[in-house]
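Comments concern the structure below.
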Amino acid sequence: MRRVDLALLAAAKMPPDSTVVCGLGSTSRAWREIGDPRPSYYASDPMGLASSIALGLALADQSRPTTLLQGDGDLLMSLGALVTAATEAPDNLRTIVFHNRIYETGGRRPLPVGDDFDLAGIAGAAGLNPVLAPPTDAEVDEALTVIFAAPGPGLVVVLVDPEESPYGAPPKWSQAEERAFFLQAREASS
Amino acid sequence: MSTHRLVAEFKSAGVTIAASLPDQWLSDVLASLDDEPWIRHVLLTREDEGVGICIGAGLAGQRGVVVCQNAGVLLSMNALSGAAHHHRAPLVVVAVQRGQDGDPYPYQAYKGLVTAPVLAAAGIPTLTAAVPDDLAVIQEAFVRAEAGRTPVVVLAQRSALATQSGGRA
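Residue numbers (the working numbering), protein chains in the order written: chain A, 27 to 216; chain B, 2 to 170.
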């Protein structure tokens, strides 16, 4: 599955009132590319912090869903955050992991994992529930349906194709400006 | 059981989420956080997680605070610097200053030496508390954090957290 197709499918499946937190790199590029209108916080740097930002948002506002879109390398940098999310167990938090097994934006170098690496197994052992890892593209649709129908904190690991991801031009807006846009969008949608 | 003075200051400041990683000198504070129903006490695996949680809470208009040892500040410098200069996100960290205040443990000494200079080098505002009444600085910390869109770190001496009742005011 191409990452932009996963972004489109995620947008189609997540609740209309969901707020999105998006990790850095090619995952954020895919989410921006589809132009989804939901309030979306592009967590950018530091790498590894997006999962905690999403948890804080989900805990602070339990009146609406929070969906975290995160690359596998981003998630690997903060595995402890899986434990914290499982312990706090906000039922409004779901995570979709874009699993391409490489640091796509960081030079397409491989993740330091072996062939039998099981990210979903790690998340499940940490206590997240439900955790799904659809083995084929055909099963991704159903997995996303399940994860959004069930109370969180659920997580889906979706295999996406490694793609060319040339380092783009500097962004138009600073992170501080992005934060202001997000706060305005969220206020307008509440 | 009575509320610790620091936790009472959190309540006055309208804090709704406290994220912590323990230190022996924080035991009374953390026990008090456990006792209070009005605040969500999140137990961390790393202190920089707490910085992220506070950034996220701020996106929902809530006030969050990280409570940790000064080693947690050192570990979190990437997250704190990103919050200060990239996200421009307000939050408050209260860090107990190990390696000072008669701390006899050699493995704590470097933390007392380097934490404040590292924060200064990163351009992150710092306030201090040496005695329990100084903990009122929490109110100023949030004002400065929100006015400046930045993390503010309160470096608390052991003497600020301890009282005759063992830490609880």
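Just so it is clear, CB atoms sit at the ideal spot from N, CA and C, and this is done for glycine as well.
Anticipated Cβ contact below 8 Å, residue i with residue j, distance rounded
{"i": "ASN71 (chain B)", "j": "LYS112 (chain B)", "result": "5 Å"}
{"i": "VAL66 (chain B)", "j": "ALA19 (chain B)", "result": "5 Å"}
{"i": "ALA80 (chain B)", "j": "VAL115 (chain B)", "result": "17 Å between Cβ atoms; not a contact."}
{"i": "LEU85 (chain A)", "j": "ALA161 (chain B)", "result": "At roughly 28 Å, the Cβ-Cβ gap does not stay under 8 Å, so LEU85 (chain A) and ALA161 (chain B) are not in contact."}
{"i": "VAL184 (chain A)", "j": "ILE122 (chain A)", "result": "6 Å"}
{"i": "LEU27 (chain B)", "j": "ARG47 (chain B)", "result": "Their Cβ separation, rounded to whole angstroms, is 16 Å, which puts LEU27 (chain B) and ARG47 (chain B) out of contact at 8 Å."}
{"i": "THR110 (chain A)", "j": "GLU50 (chain B)", "result": "6 Å"}
{"i": "LEU94 (chain A)", "j": "LEU119 (chain A)", "result": "7 Å"}
{"i": "CYS55 (chain B)", "j": "GLY82 (chain A)", "result": "6 Å"}
{"i": "GLN96 (chain A)", "j": "SER77 (chain A)", "result": "6 Å"}
{"i": "ILE60 (chain A)", "j": "ALA80 (chain A)", "result": "About 19 Å separates the two Cβ atoms, so there is no contact after all."}
{"i": "LEU158 (chain A)", "j": "ILE173 (chain A)", "result": "6 Å"}
{"i": "ALA176 (chain A)", "j": "PRO197 (chain A)", "result": "Wrong, their Cβ atoms sit about 35 Å apart, outside the cutoff."}
{"i": "LEU175 (chain B)", "j": "VAL138 (chain B)", "result": "Here chain B has residues from 2 to 170 only, and residue 175 (chain B) is not among them."}
{"i": "VAL8 (chain B)", "j": "VAL30 (chain B)", "result": "7 Å"}
{"i": "VAL47 (chain A)", "j": "ARG64 (chain A)", "result": "In fact, because the Cβ distance is near 11 Å, the residues do not count as touching under 8 Å."}
{"i": "THR151 (chain B)", "j": "ARG89 (chain B)", "result": "7 Å"}
{"i": "ILE148 (chain A)", "j": "LEU209 (chain A)", "result": "Contact flag wrong, Cβ pair sits at about 33 Å."}
{"i": "ARG6 (chain B)", "j": "VAL97 (chain B)", "result": "Not a contact, Cβ separation roughly 14 Å."}
Residues that DSSP places opposite residue i in a beta bridge
{"i": "ARG41 (chain B)", "result": "B:ILE18"}
{"i": "LEU145 (chain A)", "result": "According to DSSP, which records beta bridges pairwise, LEU145 (chain A) is partnered with nothing at all."}
{"i": "HIS125 (chain A)", "result": "A:LEU185"}
{"i": "VAL157 (chain A)", "result": "A:LEU181"}
{"i": "VAL47 (chain A)", "result": "A:TYR67, A:LEU94"}
{"i": "PRO136 (chain A)", "result": "A:ILE128"}
{"i": "ARG223 (chain B)", "result": "Outside the shown range of chain B, which is 2 to 170, sits residue 223 (chain B), and nothing can be said about it."}
{"i": "ARG120 (chain A)", "result": "A:THR93, A:GLY180"}
Unbroken alpha helix (DSSP H) run spanning residue i, endpoints
{"i": "LYS39 (chain A)", "result": "29-39"}
{"i": "LEU75 (chain A)", "result": "Per DSSP, LEU75 (chain A) belongs to no alpha helix (DSSP H) and is neither H nor E."}
{"i": "GLN210 (chain A)", "result": "201-215"}
{"i": "ALA56 (chain A)", "result": "52-60"}
{"i": "GLU114 (chain A)", "result": "106-114"}
{"i": "GLU168 (chain A)", "result": "166-175"}
{"i": "LEU31 (chain B)", "result": "28-36"}
Query raised in the report: Got a sec: which bits of the stretch 138-158 of chain B sit with their beta carbon under 8 Å from any beta carbon on chain A, in order along the chain?
Result: ARG150
Query raised in the report: What are the residues of the stretch 46-62 of chain B that lie near chain A, defined by any Cβ-Cβ distance shorter than 9 Å?
Result: THR46, ARG47, ASP49, GLU50, GLY51, VAL52, GLY53, ILE54, CYS55, ILE56, GLY57, ALA58, GLY59, LEU60, ALA61, GLY62
Query raised in the report: Quick one, which residues of the stretch 25-49 of chain B are near chain A if we go by CB-CB under 9 Å, in chain order?
Result: ARG41, VAL43, LEU44, LEU45, THR46, ARG47, ASP49
Query raised in the report: At what residue ranges does the stretch 50-110 of chain B contain a whole run of the beta strand (DSSP E), taking only runs of 3 or more?
Result: 64-70, 92-97
Query - Minimum length 4: unbroken alpha helix (DSSP H) runs contained in the stretch 101-161 of chain B - result: 107-122, 138-149
Report task. Below 9 Å between beta carbons is the criterion; list the residues of the stretch 176-188 of chain A that meet it against any residue of chain B, in chain order. Result -> none
Requested in this report: Please name the residues in the stretch 65-89 of chain B whose beta-carbon is closer than 7 Å to at least one beta-carbon of chain A, in chain order.
Outcome: GLY65, ASN79, ALA80, GLY83, HIS87, HIS88, ARG89
Requested in this report: Below 8 Å between beta carbons is the criterion; list the residues of the stretch 113-131 of chain A that meet it against any residue of chain B, in chain order.
Outcome: THR113, GLU114
Query raised in the report: the stretch 6-22 of chain B: which residues have C-beta closer than 9 Å to a C-beta of chain A, in chain order?
Result: THR17, ILE18, ALA20
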